[in-house]
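Contents: one structure, followed by commentary.
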Amino acid sequence: MLAIIIGVTSGIAAVIIKNSVHFISSLLHRNSSPEYENILYVIYPTIGILMAVLFIKYVIRRPVRHGIPNVLYGISKSNAQISRHNMFSSVVTSALTVGFGGSVGLEGPSVATGAALGSNIGRLFHLNYKHITLLLGCACAGAMAAIFKAPIAAIVFALEVIMLDLTMWSLVPLLLASASAIITSYFFLGMDVLYPFKVQNGFIMSDLPYYIVLGIFTGLIATYFTKCYMFIHGIFEKIDSIYKRLIFGGLSLGVIIFFFPSLFGEGYDAINSSLSGNYSYLYNNSFFYSFQDSFWMIIVLLVMVIFFKVIASSITFGAGGIGGIFAPTLFMGVNAGVLFAKLVQHLGLRNLEVNNFALIGMAGMIAGVLHAPLTGLFLIADISGGYQLFVPLMITATVSYATVKTFETHSVYTIQLARRKELMTHDKDQNVLSLMRVTRLIEKDFSTVNSDATLGELVKIIAKAHRNIFIVIDEANNFQGIVKLDDIREIMFQPEKYDDVFVRDLMVVPEVVIQHDESMADVASKYQYSDKFNLVVLNEGKYCGCVSRAQIFSTYRRMLKHFSED
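Each residue of the sequence shown is one higher than the one before, counting from 1 in full-length UniProt numbering.
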């Protein structure tokens, strides 16, 4: 029942975001004349991003993080808790950003909104981490199903990108959420597919080498996407003022859109035009209109819009805008497919079906940028109705994914989380370890002794202790070493030495210790390659306590129950 409720609410949220953007965009274009549109493109994105920034700063007063990375972070580090403001803040900020021409999409904000709904509904019913995580996946699937009208791809997305496990326990709620969301979308937006596409020729065996090469080509572009995105993100991180970021980013974005108007907003109209063989979006309302009959100018423009789309999207994010990367990825994919097919035709290598390759290029880009080949495959087949091209979609998506993995281990969504070791994956062992904290495992019932104490004083401490190792510290709690009971068992029964032997003569300095902020993966590795049962935990040299192998194991087993069950 909760999955159905979340599917409906996620679908409504996606419809609201979509219609809000269309309303703002139509309002802007309705009141502007064509001859001045390009000049207005310079300032529109800045106005939209400014309004989004002001809304975040003065209304929300908390950061509105980007959709899917925020969901992954919530699952990994926030016990699947997502702030309540995300149930509406992404709707407002993304509508302002994209409606005014920000070169990003609406999928990320739709997923973020749905995930916030799922998280907070789960909290309302006092569900545990495992069930709330499943509701997050249902919400993400619902949002994707509603905005793309692609129910199967939405489920695959939840399993592949949100990294839920494929079990009957998770599959049934995902099916219910996806189905209820797309029915909601049908009710408000109609039942037409997102990209109406009629396949003229299906899979042709002799085209197989070109599907493979297209996969490599889109994989390389996806690598460029990730590296360029991270590079520009790094530039904006160095700008300390949000208003400086806004001015620099907004004006830069405006200039890019001024020269390439097709980069304005989501770009779905351009994608549909391209799939129908109409490439007027490349030069309409631009300086290049007079070159519309030149083949090589079309090729140059295709290269330029692919190149600058990444930059425009990255700048939109860096300047403070809120959006998603699905739409930019699809836009680049369709243009990459057209570029590839037209070059092959012009060189006389083979007469390829350009529209088919435009569609397949979208799957290749989704597979490469998101590191999600199944999502790319099912999404493009779902949103276009192009299931006759299923085999080419499989080949290009797989090759693209394999290509980009050669250069980038993580996707745009996960690269920053992975660098901070905050990423959840399908590896349950890694997930459990990422949820465990050294500070929560510290045991403090180990007896301490001063290094200047005598053997007699140590024996008195041993008489009251129930552990077999003793921590040696100084007056300032600085760790100096340990004394093991087995090492002093013989001498402790020689009273004549009680006053002559000091603890500093008996202690040993362990080769392996743990820092209080160390990751549990590193701690587990230390235990794996040592024969120790207890390791000392330090904080800048100060003694904090010890972590035992038994405590780690019992906590690990308990935490494992947080994850999937069938």
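Cβ coordinates follow ideal geometry from the N, Cα and C atoms, glycine included.
Just so we're clear, the structure is a prediction, and the values are computed from it rather than from any experiment.
### Query
Touching or not, the region 524–532 and the region 498–506, by the rule of three or more beta carbon pairs under 8 Å?
No, the region 524–532 does not touch the region 498–506.
### Task
Return the first residue and the last residue of the alpha helix (DSSP H) that T448 is part of.
Per DSSP, T448 lies in no alpha helix (DSSP H); the unbroken beta strand (DSSP E) holding it starts and ends at T448 to N450.
### Message
Within 8 Å, do at least three Cβ pairs link the region 42–53 to the region 314–325?
### Response
Verdict: yes, contact present.
### Continuous alpha helix (DSSP H) stretch holding L28: start and end
Taken as a continuous stretch (DSSP letters only), the alpha helix (DSSP H) holding L28 covers L2 to R30.
### Query
Is it true that the CB of A3 sits closer than 7 Å to the CB of A177?
Yes; because the gap between Cβ atoms is below 7 Å, this pair is in contact.
### Query
Is there contact between the region 264–276 and the region 248–256, where contact requires at least three CB pairs shorter than 8 Å?
The region 264–276 makes no contact with the region 248–256, as fewer than three CB pairs between them are under 8 Å.
### Query
Residues bridged to S294 by DSSP?
DSSP, once it has assigned bridges, lists no residue as partnering S294.
### Message
So A181 and G7 are supposed to be a Cβ contact under 8 Å. How far apart are they, rounded?
### Response
The pair is a contact, with the Cβ atoms about 4 Å apart (cut-off 8 Å).
### Message
Can you tell me where the alpha helix (DSSP H) holding G348 begins and where it ends?
### Response
Segment: none, G348 is in no alpha helix (DSSP H) and carries neither H nor E.
### Query
Any idea which residues DSSP pairs S548 with across the strands?
Checking the DSSP bridge columns, you'll see S548 partnered with N534.
### Message
Please list the terminal residues of the continuous alpha helix (DSSP H) segment that includes G234.
### Response
DSSP places G234 inside the alpha helix (DSSP H), whose first and last residues are L208 to E237.
### Query
For E443, does the three-state DSSP call read helix, strand or coil?
In this structure, E443 counts as strand in the three-state DSSP scheme.
### Message
Quick test of the definition: if touching needs 3 or more C-beta pairs under 8 Å, does the region 182–189 touch the region 9–20?
### Response
With the cut-off at 8 Å, the region 182–189 and the region 9–20 touch.
### Task
Give a yes or no on contact between the region 387–400 and the region 343–354, applying the rule of three or more CB pairs nearer than 8 Å.
The region 387–400 and the region 343–354 do not touch, with fewer than 3 CB-CB distances between them shorter than 8 Å.
### Cβ-based burial, M1 [other Cβ within 10 Å; buried from 16]
Exposed, by the Cβ-count rule.
### Task
Measure the alpha-carbon distance for V547 versus V412 and round it to whole angstroms.
Going from the Cα of V547 to the Cα of V412 covers about 36 Å.
### Task
Could you check if N335 is buried or exposed, using at least 16 other CB atoms within 10 Å of its CB as the buried criterion?
Buried, because 16 or more other Cβ atoms sit within 10 Å of the Cβ of N335.
### Message
I need the boundaries of the beta strand (DSSP E) containing G481, first residue and last residue.
### Response
Where G481 is concerned, the enclosing beta strand (DSSP E) starts and stops at F479 to K484.
### Message
In the DSSP output, what is K542 paired with across the bridge?
### Response
Paired residue(s): N478 and N539.
### Minimum Cβ-Cβ distance from I514 to chain C less than 7 Å
The chain labelled as chain C is not found in the depicted structure, where only one protein chain is given.
### Task
Identify whether I514 lies in helix, strand or coil by the three-state DSSP scheme.
Strand at I514.
#### Entry: Test item: CB-CB of I462 and V449 under 7 Å
No.
### Query
If we ignore side chains and look at the alpha-carbon of each, how far apart do R549 and Q528 end up?
Cα to Cα, R549 sits roughly 10 Å from Q528.
### Task
Give a single yes or no on whether Y529 has its beta carbon closer than 6 Å to a heavy atom of the ligand ZN.
This structure lacks the ligand ZN, and indeed carries no ligand of any kind.
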